[in-house]
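Protein chains in written order, with our numbering: chain A, 1328 to 1653; chain B, 1328 to 1653; chain C, 1328 to 1653.
Cβ coordinates follow ideal geometry from the N, Cα and C atoms, glycine included.
Please read all numbers here as calculations on a predicted model, not as lab measurements.
Worksheet: the structure to be examined is printed underneath.
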Amino acid sequence: MKQFTSIHDVENVEALIEKALFFKQNPIHSYLGERKVLGMVFFNPSLRTRMSTQKAAYNLGMDVIALNAGADGWAIETKDGVIMDGDKPEHINEAVQIMSSYCDLLAVRTFAGLQNRLADYSEAILTKFIQLSKVPILSLESATLHPLQSLTDMMTIRELDIKKPKVVLTWAPHPKALPQAVPNSFLQWVTKSDAEVVVTHPEGYELDIQFSQDCKIEYDQNKALEGADIVYAKNWSSYSAYGHILSTDRSWTVTKEKMALTNNASFMHCLPLRRNMIATDEVVNDSVVINQAGNRVWAAQAVLNELLNYEKENQNINEQGRFAYR
Amino acid sequence: MKQFTSIHDVENVEALIEKALFFKQNPIHSYLGERKVLGMVFFNPSLRTRMSTQKAAYNLGMDVIALNAGADGWAIETKDGVIMDGDKPEHINEAVQIMSSYCDLLAVRTFAGLQNRLADYSEAILTKFIQLSKVPILSLESATLHPLQSLTDMMTIRELDIKKPKVVLTWAPHPKALPQAVPNSFLQWVTKSDAEVVVTHPEGYELDIQFSQDCKIEYDQNKALEGADIVYAKNWSSYSAYGHILSTDRSWTVTKEKMALTNNASFMHCLPLRRNMIATDEVVNDSVVINQAGNRVWAAQAVLNELLNYEKENQNINEQGRFAYR
Amino acid sequence: MKQFTSIHDVENVEALIEKALFFKQNPIHSYLGERKVLGMVFFNPSLRTRMSTQKAAYNLGMDVIALNAGADGWAIETKDGVIMDGDKPEHINEAVQIMSSYCDLLAVRTFAGLQNRLADYSEAILTKFIQLSKVPILSLESATLHPLQSLTDMMTIRELDIKKPKVVLTWAPHPKALPQAVPNSFLQWVTKSDAEVVVTHPEGYELDIQFSQDCKIEYDQNKALEGADIVYAKNWSSYSAYGHILSTDRSWTVTKEKMALTNNASFMHCLPLRRNMIATDEVVNDSVVINQAGNRVWAAQAVLNELLNYEKENQNINEQGRFAYR
């Protein structure tokens, strides 16, 4: 695997899930990362992703450099061709080439501005990283996808060991406008499994068709939940009225009563979770979210392991890459 | 030792001091920490604690993840049962369980708000960490105690090698309202030693009786200092008029003249120290504060070593803990 | 080498450049840094310096503690003799002694305030670090010098393999007032090589004579560029009208047309570089700046290696240093 930015980078999804489950049982297995450095660049905050990926790297013997872009480093200009006479002293063209020359793997977390759909869905920053990096790129969430979370989710579903589960992705209310990255990515992965997938949300919250095309859409949440084996709750802002909050309807909050409609379903969420907005305390306390979040380590470790393997096999090519710009 | 949050967690105080002194002579002794991760979560800033604990962890072969809560991660809701529709997207219930699942030991620094005595003295955040963590908790200072500092202080006093020393804890002026954590904790530890302990401060600065009950209280600073072998200076805000500054009387600043009243006493302070407020330049320059602060490494190393030993012996229990919330 | 704060600390410049080139070919060569800690203290932001020095330390097997002064730690008072009743709770006298007692090497990045020339050129903060540290000090840029950058620059020029190159340091426009550290330091190093050095800038931008005395100064940029083998562009604020911007003349921007005046020169810059201010996109894209910035790792590794060697030979002296202030 030469990079990990979406499911399309993964040759064998099943094997990757198996690898993650293997590392959960055998955390300290490989020393592939010794004297290798993982660079992590954050354009927005992160707790689980930051800590779990760092732990995964340490399990493989890697060293880690974590950088908060803008705070630790310089504000970065991402547009080409501009006269840089404003607030941003560093251009992404140099920043990425250089950061990647200081690391063996480069992980980046970008975000959706939620102002301009075309801009977000073009993944401008992540694309720059992919184009300019001399080393493999790992997405720690991008404007429209969160593949590390989705791999974790698939691993967690696998652990539940249900044949052809009915998986319901339900929208839930939230006070702020959130990106579509987690639901987009979840659908991308879960529809490749044997699950029956239903998406439920108020009208106007339809996700980009490229992600939802293999799912049933059901606007009646109660109907959607009937017989569910897994309930995956998440808020997102509107894709059509881009970035807007169209509903704060608290009747969409997942309650014990709603869970009673299911087939004794497991409740999942990527966290952070606003209690009594997304789901009630009772639902959260009886959920699998802690095991799910804990699995982030093993998903990251499986991905880092694959990228290190790729890098090992391609070391000579990378060495040559060092002399770009001459 | 299954956690380190106060002296009450320590079975054998003497042995722990001896261990700290041992590590000072033998910094690179044990490899107990190899492929183990120390997570450090800071709810307020820190220089000595941050660096010295990190150095101690490295001496034991550990890796470290340091997180500034709120800056690197998300703002954290600490109250139970609330509808999370405000500024704080993450609940402490999930945050602690998850952070602890990413680490082998979890260290946390909390602080006193100094608005509400009951809230501070209930140690709400630290208690959550203790209740919810799957791995041993290490306090890097809490709202009311600072046991790592106190262990360091006892080690430093031990190095002075004085039989039944007269130890005087003196209040000193400061422009800001400070917590009582350091003096509380110091009294908790020093009264367990063979020292004669005198506390001196302006009226109204009496500490919580649970900490001062075994000390003599003397409101005349000069009288208190007579014959002292050790002078430990510190500012704190009022406990009775909770969090208030009742005095900024600079006659309490420790001067060369005041030190002349003592039995050639050693001057101690936990740092950071405001020069010419707490004590004059002369007193600071002729003090043991640098050796004292340097000892933080060895105190932390002794504690981490004990916690790693505990964790090693209880690994199976921890593994089961991974599946909380299912 | 007992410290690295300017070229004057280097016994053998040639050997240091050779060592850096050696590490570029043999990154994982020495294990001198095992169980040693590099402390890095930043008084202002940094990307290249932070990441490249950290990578260099990891290549040598070191652990790293990186601290943003003021954000991670406390605001630091740097003046002696003051009554510390203001915003700064920590004095640099204690801070440096203590940070150095927690590390095996201490790296510090300070900055020019650009308000007071005497203050900046006295290097007050760096000098405190040198005076008070118990371990070797490494400058990560100071108010008036940037020796790690200059070593990198010399290494990059060496790779170009030109006998007696004509090196032109040209001022270029920039929207903010910048320090003179990079040009000062570059002249300090490049004038020790076999290069013919010309400095070109608008009148009023003359650098401190101690750095420019061995160079030709040419106020006509086009004339200066004629026959150049290397063009090193950099903005700086005025030394005589200290810290002021005297010109924003965009005719000084390095363009393809200007580069055509040279002897097919290589374009260098320390980065971050404001595109289309300092130089046009075309010039940057056809430059050696990425290789140059990449070389920061090897320069840092050579320096750390020398400092570790020094520290190894002087361990007993350092041990004694631990008991300053008694």
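Closer than 8 Å to chain A by CB, residue i
i: I1392(B); result: yes
i: L1600(C); result: yes
i: N1492(B); result: Rather than Asn, the amino acid found at residue 1492(B) in this sequence is Pro. No, P1492(B) lies away from the interface with chain A (no Cβ there is under 8 Å from its Cβ).
i: M1595(C); result: no
Beta-carbon proximity list for residue i, same chain, < 7 Å, skipping 5 on both sides
i: L1634(C); result: M1328, F1331, L1432, P1463 and L1465
i: V1611(C); result: L1600 and R1602
i: N1643(C); result: With a pLDDT of 46 at N1643(C), under the threshold of 50, the modelled position of that residue is not reliable, and the figure given next carries that caveat. The answer is none, since no qualifying residue turns up.
i: E1450(C); result: S1469, A1470 and T1471
Residue i at chain C interface by Cβ criterion, 8 Å
i: W1516(A); result: no
i: A1620(B); result: yes
i: G1366(A); result: yes
i: N1636(B); result: no
i: A1422(A); result: yes
i: I1410(A); result: yes
Where residue i sits in the DSSP three-state scheme
i: K1503(B); result: coil
i: G1366(A); result: strand
i: D1608(B); result: helix
i: H1335(C); result: helix
i: A1620(B); result: helix
i: E1468(C); result: coil
i: S1593(B); result: strand
i: A1651(A); result: Low confidence applies to A1651(A): its pLDDT is 38, below 50, so where it sits in the model is not reliable enough to give any reading.
i: N1636(A); result: helix
i: R1602(C); result: strand
i: N1395(A); result: strand
i: V1615(B); result: coil
Sequence-distant residues of the same chain with beta carbon closer than 8 Å to residue i, five excluded per side
i: I1403(B); result: A1396, G1397, K1415, E1417, H1418, I1419 and A1422
i: F1370(B); result: A1396, G1397, V1435, R1436, T1437, F1438 and I1452
i: A1499(C); result: A1560, K1561, N1562, W1579, T1580, V1581, M1604, I1605 and A1606
Cβ-based burial, residue i [other Cβ within 10 Å; buried from 16]
i: Y1546(C); result: exposed
i: H1571(B); result: exposed
i: E1530(B); result: exposed
i: E1566(C); result: Note on identity: in this sequence residue 1566(C) is Tyr, with Glu being the wrong assignment. Result: buried.
i: A1568(B); result: exposed
i: Q1557(B); result: Here residue 1557(B) turns out to be Ile, not Gln, going by the sequence shown. Under this definition I1557(B) is a buried residue.
i: N1339(A); result: exposed
i: Q1507(B); result: buried
i: A1384(C); result: buried
i: L1467(A); result: buried
i: H1473(B); result: buried
i: R1577(B); result: exposed
i: K1583(C); result: exposed
i: N1590(B); result: exposed
i: K1503(B); result: exposed
Per DSSP, the bridge partner or partners of residue i
i: D1390(A); result: V1364(A)
i: Y1559(C); result: L1496(C) and M1595(C)
i: A1434(A); result: M1367(A) and L1465(A)
i: E1417(B); result: I1403(B)
i: V1525(A); result: V1495(A) and K1543(A)
Residues near residue i in its chain [Cβ-Cβ closer than 6 Å; skip 5 each side]
i: K1346(C); result: A1629
i: V1525(B); result: V1495, K1543, E1545 and A1551
i: F1594(A); result: V1558, V1610 and S1614
i: S1477(A); result: S1512, F1513 and W1516
i: D1535(C); result: Y1566
Cutoff 8 Å: residue i Cβ touching any chain B Cβ
i: N1371(A); result: no
i: P1506(A); result: no
i: G1360(C); result: no
i: A1384(C); result: no
i: D1480(A); result: no
i: Y1429(C); result: yes
i: A1347(C); result: no
i: G1440(C); result: no
Beta carbon proximity, residue i to chain E, threshold 8 Å
i: D1608(C); result: The structure shown contains no chain E; its protein chains are A, B and C.
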